[in-house]
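If you read the sequence shown in this note's numbering, its first letter stands for residue 13, the second for the next number, and so on. Accompanying notes for the structure given below.
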Amino acid sequence: MKNNKIVIYIGILVVGVLLGWLLFGGSSNEEIDHNHDAVAATNQMWTCSMHPQIMQPEPGDCPICGMDLIPAESGSDGLMADQFKLTENAMALANIQTTVVGKGNVEGNTIKLSGKIAENEEANAVQVSYFAGRIERLNVSFTGEEVRKGQLLATIYSPELYAAQQELITAASLKESQPALYKAVRNKLKLWKLSENQINQIEETGKVKENFPVYATFSGTVTEKLVEQGDYIKQGQPLLKIANLNTVWGNFDVYENQIDRFKKGQEVMITTNAYPNKEFKGKVDFIDPVLNTKTRTVTLRVVLSNKDDVFKPGMFVTANIEGSTAKNDEVLSIPASSVLWTGERSVVYLKTNPDQPIFEMREIKLGNQIGNEYEVVEGLFVGNEIVTNGTFTVDAAAQLQGKKSMMNKDGGKVMTGHEGHLGMDNNASNKESDHTNMNERLEVSEKFQQQLNSVYNAYINLKDALVKEDSISTSANATTLLNKLNKVDMKLLSDNKAHNHWMSLEGEIKSSATSISETSDIKSQRDHFKHLSSHLINAVQLFGINEKVYVEFCPMADNNNGAYWLSKEEKVINPYFGEAMLTCGEVKQVIE
13 MKNNKIVIYI
23 GILVVGVLLG
33 WLLFGGSSNE
43 EIDHNHDAVA
53 ATNQMWTCSM
63 HPQIMQPEPG
73 DCPICGMDLI
83 PAESGSDGLM
93 ADQFKLTENA
103 MALANIQTTV
113 VGKGNVEGNT
123 IKLSGKIAEN
133 EEANAVQVSY
143 FAGRIERLNV
153 SFTGEEVRKG
163 QLLATIYSPE
173 LYAAQQELIT
183 AASLKESQPA
193 LYKAVRNKLK
203 LWKLSENQIN
213 QIEETGKVKE
223 NFPVYATFSG
233 TVTEKLVEQG
243 DYIKQGQPLL
253 KIANLNTVWG
263 NFDVYENQID
273 RFKKGQEVMI
283 TTNAYPNKEF
293 KGKVDFIDPV
303 LNTKTRTVTL
313 RVVLSNKDDV
323 FKPGMFVTAN
333 IEGSTAKNDE
343 VLSIPASSVL
353 WTGERSVVYL
363 KTNPDQPIFE
373 MREIKLGNQI
383 GNEYEVVEGL
393 FVGNEIVTNG
403 TFTVDAAAQL
413 QGKKSMMNKD
423 GGKVMTGHEG
433 HLGMDNNASN
443 KESDHTNMNE
453 RLEVSEKFQQ
463 QLNSVYNAYI
473 NLKDALVKED
483 SISTSANATT
493 LLNKLNKVDM
503 KLLSDNKAHN
513 HWMSLEGEIK
523 SSATSISETS
533 DIKSQRDHFK
543 HLSSHLINAV
553 QLFGINEKVY
563 VEFCPMADNN
573 NGAYWLSKEE
583 KVINPYFGEA
593 MLTCGEVKQV
603 IE
């Protein structure tokens with residue numbers, strides 16, 4: 013009996029221990045799990061589906077639009093705020109290629125600088141009048157006219173000179189009795205640049221001349237007429253600006269981080285589009301000691317012989333200088349095709365994950381152009397992987413997904429036409445799905461692509477007219493483009509996403525083309541053409557036109573801000589400069 017009680021007690025004890033373990037042990041584990049969740053929640057970041065640049069450590073409202081913030085992982089597939097992902101299909105369609113950044117040796121390569129020809133200021137002069145009066149005859153008809161020293165430039169009637177001649181005739185009769193007066197009157201006429209022969213002739217004939225000639229005091233080319241026939245002029249007033257173009261200056265911009273690469277006396281080889289098969293030798297004559305604080309550049313000057321009248325002031329030229337680097341010739345370099353420019357900014361696209369097509373815009377600072385590559389001063393490191401082909405397509409994808417891009421420095425969604433009218437929707441998941449895979453080529457009917465191709469062909473004709481600097485034809489082709497655009501049937505777009513994108517792009521294309529058609533000023537037309545090109549590039553990328561299209565770029569267009577355009581051929585023919593700089597630019601992307 014006693015043994016049975018002991019067994020019962022032991023059984024109760026074992027059951028109690030088991031229950032305690034189940035209750036308190038399980039509770040402890042659950043508590044640990046809850047603590048783990050709390051830690052995870054603490055690390056959770058929250059973002060806005062419409063403004064992914066917003067990233068906050070706790071839930072709340074978007075400070076921009078007031079929408080509810082969503083978890084960053086669920087709202088952006090685990091990506092950081094500035095990152096975005098491309099589909100494999102989009103990568104293949106745009107032929108997007110990447111390369112790993114490395115250091116290279118630039119020994120034997122040349123540094124390229126872009127610049128312009130200017131008049132040699134040391135050889136310039138201003139022809140002035142040495143007496144006041146009225147221009148009776150001006151013998152220089154136009155700027156660009158050649159004049160020689162001693163050539164008659166103008167004939168002037170001067171009341172002061174007329175009176176001085178009468179004084180000379182009177183003083184000549186008194187020169188024996190008043191030699192000082194006679195000498196003073198002659199010297200007065202000499203100060204007005206009358207020659208000894210002219211003064212003697214007045215004295216001997218006793219006749220006063222009404223009109224006096226002005227002769228060129230040096231030889232050169234008239235670059236500016238400052239007066240017209242019949243004008244009244246003052247003593248010492250400039251009449252003409254004359255430049256001696258036997259020598260000219262080549263002025264080149266050098267960035268501040270490049271200054272130590274150049275020195276006075278350095279040999280330079282000059283090329284120009286006007287003579288593509290010729291090279292001209294010169295030497296660095298001057299490096300400006302004052303930095304331009306707006307452009308962060310100094311001017312490097314090369315004096316060039318111009319006896320054959322090869323160089324014209326205002327002509328674009330390129331200087332090729334044997335490169336020397338500041339750090340043992342080892343530089344971080346990237347292909348020129350990987351860089352996008354906008355104003356003073358240079359950007360590339362970084363592939364942040366080697367195994368997935370995840371990208372992020374990176375702003376960089378460039379150094380010298382060495383062959384087909386650029387030195388990188390800031391922004392990249394050895395081992396970074398960057399986009400080298402299809403960069404423009406990647407940038408378009410960034411814009412459409414509201415990420416930081418070339419033209420959108422701070423990021424933020426690009427609103428399409430329908431979204432602008434519908435207003436904000438608090439259903440974040442719906443908004444997120446509307447913008448899914450925006451970088452991917454949209455599926456549209458072949459008939460729609462043919463209609464868009466007609467718009468593209470009208471654009472090409474407009475571009476060719478700008479190349480020829482024919483503003484009348486440019487305006488007419490812009491009108492043709494508008495007519496083709498009006499014939500694009502939006503009903504062919506059954507997909508809402510495609511429909512929304514086309515509505516937005518169509519409005520921008522129409523606005524730019526209308527502006528071009530309504531002006532005959534070639535500069536204004538080119539300004540609007542830049543915007544027209546940007547929107548049509550996006551349209552061709554999104555919808556396709558069943559034709560190979562080249563996206564080309566010139567960094568010197570739009571006052572060195574850079575500009576893009578579309579072309580049917582790989583050869584660069586620049587619509588922003590025409591004959592002045594016909595081949596400036598390079599192919600940035602090929603759209604299939």
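Cβ atoms here follow ideal geometry from the backbone N, Cα and C, with glycine treated the same way.
Residue state for Ser506 is assigned as coil, using DSSP reduced to three classes. DSSP lists Trp58 as the bridge partner or partners of Gln68. Residue nearest to Leu257 within the set Gly248, Gly232, Glu268 and Asn269 is Gly232 (criterion: CA-CA distance). DSSP places Glu172 in the helix class (H, G or I) of the three-state scheme. DSSP places Gln381 within a strand segment (E or B) once states are collapsed to three.
For Lys246, the number of other beta carbons within 10 angstroms of its own is below 16, and it is reported as exposed. Straight across, the Cα-Cα distance linking Val234 with Gln139 is about 10 Å. According to DSSP, Asn151 shares a beta bridge with no other residue. For the pair Pro325 and Glu131, the CB atoms are nearer than the 8 Å cut-off. Shown here, Ile346 sits in a strand according to DSSP, grouped into three states. Boundaries cannot be given for Leu454, as no beta strand (DSSP E) includes it and DSSP labels it neither H nor E. A Cβ-Cβ contact shorter than 8 Å links Ile521 with Leu497. By the criterion of a C-beta distance shorter than 7 Å, Asn318 is surrounded in its chain by Leu257, Asn258, Thr259 and Val260, once the five residues flanking it on both sides are discounted.
Secondary structure note for Tyr471: its alpha helix (DSSP H) is the uninterrupted segment Glu458 to Val479. Following the DSSP letters along the chain, one finds Thr259 inside the beta strand (DSSP E) bounded by residues Thr259 to Tyr267. In the structure shown, Asp501 falls within a coil segment according to DSSP collapsed to helix, strand and coil.
DSSP, read as helix, strand or coil, puts Asn136 in strand. According to the DSSP assignment, Ile282 belongs to the beta strand (DSSP E) that extends over Glu279 to Thr284. In the DSSP assignment, Ser579 falls within the beta strand (DSSP E) that extends over Ala575 to Ser579. By the Cβ test, the segment 147-166 is not in contact with the segment 288-302, since fewer than three Cβ pairs between them sit closer than 8 Å. The residue among Gly519, His543 and Val602 with its C-alpha nearest the C-alpha of Lys560 is Val602.
Taking Asp367 as reference, the option from Ser417, Met92, Thr110 and Glu458 with the minimal CA-CA separation is Thr110.
For the pair Asn136 and Lys253, the CB atoms are nearer than the 8 Å cut-off.
Excluding sequence positions up to five before and after Gln68, its CB lies within less than 6 Å of the CB of Trp58, all in the same chain and listed in chain order.
Taking a 10 Å sphere around the C-beta of Gly519, we find fewer than 16 other C-beta atoms and assign the residue as exposed. When the alpha-carbon of Val296 is set against those of Val280, His547, Asp73 and Glu390, the nearest one is in Val280. The C-alpha of Thr595 is placed about 12 Å away from the C-alpha of Ala569.
In the three-state scheme derived from DSSP, where H, G and I count as helix and E and B as strand, Asp539 is classed as helix. Look at the beta carbons and you see the segment 212-219 not touching the segment 99-106: under three pairs across the two are nearer than 8 Å.
Residue pairing from DSSP leaves Cys596 without any beta-bridge partner. The shortest C-alpha to C-alpha distance from Gln413 to any of Pro83, Ile82, Asp94 and Ala575 is the one to Asp94.
In this model, His513 and Met502 are separated by some 11 Å (Cα to Cα). Counted as a single uninterrupted DSSP element, the beta strand (DSSP E) harbouring Glu291 occupies residues Tyr287 to Ile299. Excluding five sequence positions before and after Pro71, the CB atoms of its chain that fall closer than 6 Å to its own CB belong to Trp58 and Leu81, given in chain order. Remark: C-beta atoms of Phe328 and Met92 do not approach each other more closely than 8 Å. The Cβ neighbour count for Asp407, taken over all protein chains shown within 10 Å, is at least 16; the residue is labelled buried.
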